[in-house]
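Peer 1: The following block contains the structure, expressed as structure tokens.
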């Protein structure tokens, strides 16, 4: 999680986003409302709306105009999480039962599609063509990234290149879109938009790799979902991909033997975590995170020297210090 | 199915839509391509793109400009069918195995979301704000209609009002949107757009009720999916709702006894079909279809007296003559 204090300076604006999110289904069909509110109350880092708000500060900022857009970015993210939980058959997220656990897969499938359509309808109201393109392309990339990942599941053959390609689409595309959308709608200059796109891409990559590392290195109670969650879905992420490529023959053999069972006991997941740690895969992965963080900071250096740019750099730096 | 000959006059344009649909995933991620092509080859009535093409004839028609829009409407429809098959756990559609049967629920969930996002990205290119609103609102309504239906499943308490409300959202909204989008993008006059919206709504309603009637009255081989498919999902449609409201006490009792089992044998589905026929529920439902067909024709009477208007009326009239 990005450290809360980084966001102190946009807290007031973020409260408006939260308020917008809570009020937006007020008059709609009540079959959705309770589960939607449950989702909102389950928390989340809201990093996408935060980036939209921050990016908007590089143009003619009108906070009341930006809030719905920022909220829409969060809706797209929520939609993707709901669908992910269905695909992963996840029962827990953020330490609470998932919507699919509470309301079923069928309901979740419609709720996810509904929230995505709602986001697009919010965005359509801006009458800004670029926004529609940014969001629909992000949606396309997210789905194709998920499919890319899914189609390799249980093959345990995902290479480094494919891994980076998948996470670029499934995660970085929406973070990039969040930065881009905020800048575009506020009328920021083209070179600023380009710098923010670069920043968003690198932040998104760093963020996803950190998440993948935490999947092995942290306690279930802290991350709010089971350790080795991806592996349980047959998905190998950077730490395991590293071991399978650069680990000792013994380490590779042991990991593959466990993976090929396709379902693992707790002690086996723990063993994989140990191998991952012993091989230096965590350190390697974090060095890649650092590389993306540095690139994000470098991109921010092409932005005007205003306080917002400092905040963006602080956010970047905080990623490798993420505790959960 | 709308009779093919009605479409003769737009066959050349429809071929362009088909070509566009087949070519659009040409350079994209191949994980989607084969299943997408399979879906296209499985056929379908393509009534939504047909309405978009026809509606565009009331404005400044530029066929090459309309084709992608018409295709996008079909993509939204395809996306909804893929998701419906997941929710209904359907193995067959149009006489062929469904994507969810062939590629799994997880893949289907992403493919549906992907196609919806692709449709929106095609539409975003028109740089016409109204189009984005039309399509995102149709998406919202379709999802909420599906949820409305789902939340009542197995309650067998859906009333007439709720049934009409559900099908308005889940089916009529996209047919309406198809007519509206074609008219809007071609710059048709406001009163023409209004008449086409009215026409589309009534056609969509008539079309869905006919579909629901066919679910009881036709052979599996003809409709390409199991008879009583909705009932198997715990969903009551107009014919059964009619029996439960207006049928004899004995008929109501017998139907409810079967429904409350929640899963039925073939002979029980057959028995429900018999009761539905004996109670006059099919005749009643078709009288409602006729009412919507008449309203659609009346709406078309507010359109300029050109050949296209005649075609729209013929399509309306062909609905109650649908054979499959």
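Protein chains in written order, with the numbering used here: chain A, 10 to 333; chain B, 10 to 333. Quick reminder that beta carbons are idealized off the backbone N, C-alpha and C, glycines included.
1. Please go through the same chain and pick out, in chain order, the residues whose beta-carbon is closer than 6 Å to the beta-carbon of residue 178 of chain A, but skip the five residues on each side of it.
2. By the three-class DSSP mapping on this structure, what secondary structure does residue 33 of chain B have?
3. Does the beta-carbon of residue 164 of chain B have 16 or more other beta-carbons within 10 angstroms, so that it is buried, or is it exposed?
4. For residue 92 of chain A, count neighbouring C-beta atoms within 10 Å of its own C-beta (all shown protein chains included) and say buried if the count is 16 or more, exposed if not.
5. Roughly how many angstroms lie between the CA atoms of residue 22 of chain A and residue 317 of chain A, to the nearest whole one?
6. Residues of chain B with a CB under 8 Å from the CB of residue 142 of chain A: which are they?
7. Can you tell me whether DSSP reads residue 313 of chain A as helix, strand or coil?
8. Quick one, are the C-beta atoms of residue 162 of chain B and residue 302 of chain B less than 8 Å apart?
9. What distance in whole Å lies between the Cβ atoms of residue 294 of chain B and residue 251 of chain B, which are believed to be in contact at a cut-off of 8 Å?
10. Within the continuous alpha helix (DSSP H) that includes residue 174 of chain B, where are the two ends?
11. Compute the Euclidean distance between the alpha carbons of residue 53 of chain B and residue 60 of chain B, then round it to the nearest angstrom.
12. Count the other CB atoms within 10 Å of the CB of residue 272 of chain B; is the residue buried (16 or more) or exposed (fewer)?
13. Rounded to the nearest angstrom, what separates residue 56 of chain A and residue 188 of chain B at their Cα positions?
14. Please check the pair residue 328 of chain A and residue 298 of chain A, which I expect to be a contact at CB under 8 Å, by giving their CB distance rounded to whole angstroms.
15. Who are residue 106 of chain A's beta bridge partners in DSSP?
16. CA-CA distance, residue 107 of chain A and residue 99 of chain A?
17. Between the Cα of residue 72 of chain B and the Cα atoms of B:104, B:25, B:247, B:124, which residue gives the shortest distance?
18. For chain A, find out if any of its Cβ atoms is closer than 8 Å to the Cβ of residue 127 of chain B; answer yes or no.
19. Nearest chain A C-beta to residue 41 of chain B closer than 8 Å, yes or no?
20. Give the interface partners of residue 183 of chain B over in chain A, defined as CB-CB distance under 7 Å, in chain order.
21. Since I believe residue 62 of chain B is in contact with residue 75 of chain B (beta carbons under 8 Å), could you give me their beta-carbon distance rounded to a whole number of angstroms?
22. My understanding is that residue 41 of chain B touches residue 49 of chain B, with C-beta atoms under 8 Å, so please give their C-beta distance in whole angstroms.
23. From which residue to which residue does the alpha helix (DSSP H) around residue 221 of chain B run?
24. So, residue 338 of chain A versus residue 132 of chain A, is the Cβ gap smaller than 8 Å?
25. Residue 65 of chain A and residue 184 of chain A - do their beta-carbons sit closer together than 8 Å?
26. According to the neighbour-count rule (16 or more other Cβ atoms, all chains shown, within 10 Å of its Cβ), is residue 32 of chain A buried or exposed?
27. At the level of alpha carbons, what is the spacing between residue 86 of chain B and residue 186 of chain A?
28. Would a check of beta-carbon distances place residue 193 of chain B closer than 8 Å to chain E?
29. Between residue 218 of chain A and chain B, is the shortest Cβ-Cβ distance under 8 Å, so that the two count as touching?
30. Could you compute how far the alpha carbon of residue 118 of chain A sits from the alpha carbon of residue 269 of chain A?
31. Whose Cβ in chain B lies nearer than 9 Å to the Cβ of residue 94 of chain A?
32. Note down the Cα distance separating residue 44 of chain B from residue 174 of chain A, rounded to an integer number of angstroms.
33. Can you name the residues of chain A whose CB is closer than 9 Å to the CB of residue 148 of chain B?
34. Which class does residue 327 of chain A belong to by DSSP, given the choice of helix, strand or coil?
35. For a contact meaning CB atoms closer than 8 Å, what does residue 115 of chain B contact in chain A?
Peer 2: Per the coordinate set shown:
1. Cβ within range, chain order: 150, 153, 154.
2. Shown here, residue 33 of chain B sits in coil according to DSSP, grouped into three states, outside any helix or strand.
3. Sixteen is the threshold: since fewer than 16 other Cβ atoms of the shown chains lie within 10 Å of the Cβ of residue 164 of chain B, the residue is exposed.
4. Buried: at least 16 other Cβ atoms inside 10 Å.
5. Their backbone Cα atoms lie some 14 Å apart in a straight line.
6. Result: 130, 133, 134.
7. It is coil, neither helix nor strand.
8. No, these two residues do not count as a Cβ contact at 8 Å.
9. Distance from residue 251 of chain B to residue 294 of chain B at the Cβ level is roughly 7 Å; contact confirmed, criterion being Cβ atoms closer than 8 Å.
10. It spans 169-176 - the alpha helix (DSSP H) in which residue 174 of chain B sits, taken as one unbroken run.
11. Approximately 14 Å, taken between the alpha carbons.
12. Exposed, because fewer than 16 other Cβ atoms sit within 10 Å of the Cβ of residue 272 of chain B.
13. For residue 56 of chain A and residue 188 of chain B, the gap between their C-alpha atoms comes out near 39 Å.
14. At roughly 7 Å, the Cβ-Cβ gap stays under 8 Å, so residue 328 of chain A and residue 298 of chain A are in contact.
15. Looking at the DSSP assignment, residue 106 of chain A forms a beta bridge with A:101.
16. Straight-line Cα distance between these residues: approximately 7 Å.
17. For the set B:104, B:25, B:247, B:124, the Cα lying nearest the Cα of residue 72 of chain B is the one of B:25.
18. When Cβ-Cβ separations below 8 Å define contact, residue 127 of chain B makes contact with chain A.
19. Yes, its Cβ sits closer than 8 Å to a Cβ of chain A.
20. Per Cβ cutoff of 7 Å: no residues; residue 183 of chain B is ~12 Å from chain A at best.
21. Yes, they are in contact, since the Cβ atoms of residue 75 of chain B and residue 62 of chain B sit about 6 Å apart, within 8 Å.
22. Not confirmed; about 12 Å, so no contact.
23. Counting along the chain, the alpha helix (DSSP H) containing residue 221 of chain B begins and ends at 199-226.
24. Absent from the structure is residue 338 of chain A, since the part of chain A shown begins at 10 and ends at 333.
25. No; because the gap between Cβ atoms is not below 8 Å, this pair is not in contact.
26. By the neighbour-count rule (16 or more Cβ atoms within 10 Å), residue 32 of chain A is not buried but exposed.
27. One C-alpha to the other measures close to 26 Å.
28. Among the protein chains in the structure shown, which are A and B, there is no chain E.
29. Chain B has no Cβ within less than 8 Å of the Cβ of residue 218 of chain A.
30. Pairing residue 118 of chain A with residue 269 of chain A, the inter-Cα distance amounts to about 30 Å.
31. Correct list: empty, because the minimum Cβ distance to chain B is about 11 Å.
32. Between residue 44 of chain B and residue 174 of chain A, the alpha-carbon positions lie close to 22 Å from each other.
33. 122, 123, 125, 126, 127, 129, 130, listed in chain order.
34. Reduced to three states, the DSSP call for residue 327 of chain A is helix.
35. In chain order: 95, 96, 159.
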